[in-house]
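Before any comments, here is the structure.
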Amino acid sequence: MSTGPGGETGFPALTAAAAEAAIPRRRRRVTRHAVARTLAPYALIAPTALAIGAVLGYPLYLLGRLSLQQFGLAELILQEGPWIGFDNYTRLFHDRQFWTVLLRTFVFTFVNVGLTMVLGTLIALLLTRLGSFMRLLLTTGLVLVWATPVVVAVNIFRWMVDFEFGVLNWTLTELHLGDFLNKDWFADPTTGFAVITALIVWGAIPFVTIMLYAGFSQVPEELVEAASIDGANGWRVFRDITFPLLKPLFVILITLSIIWDFQVFNQIWLIRDGEPEEDYWLMSVYSFVEAFRLGEYGFGAAIAVVMVGVMFAATFVYIRQMIRIGETR
Amino acid sequence: MSAILPRRRSRRRIAGRVGWNALGLLVFAVMVFPVYWMISTSFKTGQNILRDTPQWFPSPATLANYRDAMDRPYFWDNVKNSVIIVCCVVGISLVLAFLAALALAKFSFYGRGAFIVLIIAVQMVPLNALIIPLYISLSRADQLNKLSGVIVTYLTFVLPFTVWTLRGFVMGVPRELEEAAMVDGSTRLGAFTRILLPLVAPGLVATSIFAFIQAWNEFLIAYVFLNDQEKQTLTVWLASFTTSRGTDWGPLMAGATLTALPVVVFFVLVHRKIAFGLTAGAVRG
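Chains W and R supply the protein sequences, listed in that same order.
Just so you know, we're using the numbering used here here: the first sequence kicks off at 1 and counts up by one.
Just so you know, we're using the numbering used here here: the second sequence kicks off at 1 and counts up by one.
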């Protein structure tokens with residue numbers, strides 16, 4: 001950490017403001033401080049800004065560019081493709097598969113975010129009612145699940161729902177819920193997506209629960225007590241006190257969940273052994289297959305552009321809220 | 001009457017407590033079961049894994065699956081790659097993010113608002129949507145199949161979040177503390193190393209864990225950018241257990257346990273430390 005005479009690291013320079021007021025004779029040094037203070041923040045953010053610009057900004061620009069080009073394997077070698085205007089988009093919007101995949105992705109996101117939020121909220125409320133030992137145990141369990149890498153989780157679920165020796169088929173049969181022996185869950189996309197949803201919701205619950213529990217414990221107890229004395233039941237307390245107080249937190253969690261679930265790729269790709277059937281395609285898989293399996297980089301880029309657009313529209317409220325937080329503080 | 005009433009109520013409360021705790025135990029069991037099933041399978045013998053009735057506890061327990069997993073080609077190469085990538089990403093991102101966080105927390109400057117917008121908006125960009133242009137630009141820069149290309153990419157995806165979180169931690173340090181140190185005759189560097197740095201330390205730990213987990217768990221970029229098996233990372237290595245002949249569940253579960261272990265240990269150990277208040281005990285009231 002370098003601290004030059006001008007104080008590049010900056011924050012001690014804040015105290016220079018006090019010195020400025022107290023000792024007017026040292027004006028020359030003060031101006032030097034002032035210059036350093038103007039330049040310091042730019043020096044501090046420069047590396048981060050450069051990295052983000054080079055590895056996120058440029059590819060984002062390139063993505064838009066590619067989507068307007070005929071860019072296949074030959075163009076990958078030539079490094080430049082001919083401009084074809086909006087042909088990729090025209091083709092995309094006339095492709096029935098695109099609309100099917102888009103709709104499927106919307107439904108998938110809605111179901112996953114909904115289940116994650118509802119179950120996460122319920123478990124967080126449960127945490128507030130537990131004894132201290134049980135709370136520690138459950139929190140530890142949640143942290144354990146949270147820390148499990150997605151790739152590992154996919155393999156565990158793949159093993160649990162294995163049609164021959166999976167523990168799920170055996171358990172369901174033993175519980176007399178029907179004959180599940182040798183049931184292949186992925187033969188039908190509906191049950192296949194049920195497994196994928198279970199996998200994603202299972203993995204997402206810990207984060208939501210722990211964040212919400214932290215939020216719940218900050219709700220003033222007097223408020224809840226006063227409401228209970230007035231005869232409000234648990235649901236009323238949640239609806240009229242807890243939820244309105246924690247609304248910003250809910251908005252953040254829902255938005256983050258939408259972002260994560262809308263672009264799900266790994267879980268689908270890996271649970272289908274790197275060759276997902278068309279019935280399992282979500283937007284990210286669709287784009288990936290077009291680009292890396294069929295060599296249609298331009299067309300794949302157009303799909304990705306639509307993804308980015310939808311994502312920005314869906315998260316607009318969140319971005320606005322976060323920016324407000326960032327500016328006022 | 002008035003003496004009985006509270007007792008009755010407390011008995012009811014205890015019954016409720018027990019009910020909630022039982023429900024808590026059930027939720028715990030359901031959530032943890034998949035992890036338990038992975039570990040338990042990894043210690044079972046081949047025969048006991050492929051049984052019509054599942055075996056709940058591994059007996060006899062065996063380490064054969066672990067030996068098998070570690071003897072697989074490229075296991076140690078891939079461990080080494082994962083470690084190198086994670087160390088570089090955590091180290092570099094922490095330094096860069098800390099600098100930017102200082103700028104955001106301690107200065108008001110022209111363009112600050114724009115930078116904040118950038119940091120937040122960038123987090124909304126789906127990584128999976130950028131894989132195509134990233135692939136093409138890295139291939140132009142001759143960075144495909146190289147760890148450095150992956151490191152730079154991970155770094156950028158980790159940075160926005162780390163900057164944002166560290167900014168919160170830096171702002172959590174009361175300005176009076178630094179000023180007091182300066183009044184007490186501390187130099188600027190002294191105030192920095194003795195006051196700010198220790199107080200921000202939990203934040204640095206929390207942020208580095210985040211970066212660690214992101215880099216260790218990432219799959220798609222490593223899968224697409226690193227072609228040679230000896231260049232790949234552990235998460236990609238795990239996919240090699242499934243062949244056309246089927247899946248080797250025992251060694252796969254052993255490999256999965258080994259992959260998850262560093263993250264889980266790190267996470268569970270430090271998780272409670274993060275919970276400590278930032279300036280707990282430094283300034284009261």
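No residue lacks a Cβ here, since even glycine has one placed at the ideal position from N, Cα and C.
- The Cβ atoms of Q267/W and N128/R lie no closer than 8 Å to each other.
- Look at M70/R: its C-beta is not under 8 Å from any C-beta on chain W.
- Under DSSP, the beta-bridge partners assigned to T247/R are T242/R.
- Per the coordinates, the alpha-carbon of V122/R lies some 48 Å from the alpha-carbon of A61/R.
- Note on the segment 19-90 of chain R: there is no whole beta strand (DSSP E) run with a minimum of 3 residues.
- Beta-bridge analysis with DSSP links W83/W to Q69/W.
- Using a CB distance cut-off of 8 Å, F108/W does not count as an interface residue toward chain R.
- Within the segment 175-247 of chain W, the runs of alpha helix (DSSP H) at least 4 residues long that lie entirely inside it are, in chain order, 189-216, 221-229 and 234-237.
- At the C-beta level, I209/R and I151/R stay beyond 8 Å of one another.
- Across the structure, M160/W and L142/W are spaced so that their CA atoms are roughly 19 Å apart.
- Measuring C-alpha to C-alpha distances from A49/W to each of R51/R, I119/R and N48/R identifies I119/R as the nearest.
- Of the residues Y318/W, M283/W and E296/W, the one whose Cα lies closest to the Cα of V306/W is M283/W.
- Among the residues of the segment 136-151 of chain R, those with a Cβ less than 8 Å away from any Cβ of chain W are I136, S137, S139 and R140, in the order of the chain.
- Assignment of E296/W by DSSP, reduced to helix, strand and coil, places it in the coil class.
- Taking CB atoms only, G24/R has a neighbour in chain W less than 8 Å away.
- Taking a C-beta cut-off of 8 Å against chain W, the contacting residues of the segment 29-60 of chain R are M31, V32, P34, V35, W37, M38, T41, I49, L50, R51, D52, T53 and P54, listed in chain order.
- When DSSP states are grouped into helix, strand and coil, Q267/W belongs to the helix group.
- Between L220/R and I131/R, the CB-CB gap stays under 8 Å.
- For I195/R, no alpha helix (DSSP H) encloses it, and the DSSP letter there is neither H nor E.
- Remark: three or more beta-carbon pairs, one from each stretch, lie closer than 8 Å, so the segment 245-262 of chain W and the segment 102-111 of chain W are flagged as touching.
- Between the alpha carbons of G192/W and V310/W lies a gap of roughly 25 Å.
- Within chain R, not a single residue places a beta-carbon under 7 Å from that of A74/W; the smallest gap is close to 13 Å.
- Under the criterion of beta carbons closer than 8 Å, G298/W and F71/W qualify as touching, at roughly 4 Å.
- Between N217/R and V251/W the beta-carbon gap is near 26 Å, outside 8 Å, which marks them as no contact.
- The Cβ of A103/R sits closer than 8 Å to at least one Cβ of chain W.
- For A254/R, no Cβ of chain W is located within less than 8 Å of the residue's own Cβ.
- One finds P126, N128 and A129 in chain R with Cβ atoms closer than 8 Å to the Cβ of S284/W, taken in chain order.
- Straight-line measurement puts the Cα of L159/R at about 6 Å from the Cα of S93/R.
- Counting only runs that start and end inside the segment 106-175 of chain R, there is no beta strand (DSSP E) element of at least 3 residues.
- The C-beta distance from A69/R to P251/R rounds to 5 Å, short enough to fall under 8 Å.
- Taking C-beta atoms as the reference points, F43/R and P54/R fail to come closer than 8 Å.
- Within chain R, not a single residue places a beta-carbon under 9 Å from that of N182/W; the smallest gap is close to 10 Å.
- Residue environment for A97/R: buried (at least 16 other C-beta atoms within 10 angstroms of its C-beta).
- As the crow flies, the alpha-carbon of A211/R is around 40 Å from that of R236/W.
- C-alpha of K80/R to C-alpha of T235/R: approximately 12 Å in a straight line.
- Rounded to the nearest whole angstrom, the CA to CA distance from A191/R to L177/R is 9 Å.
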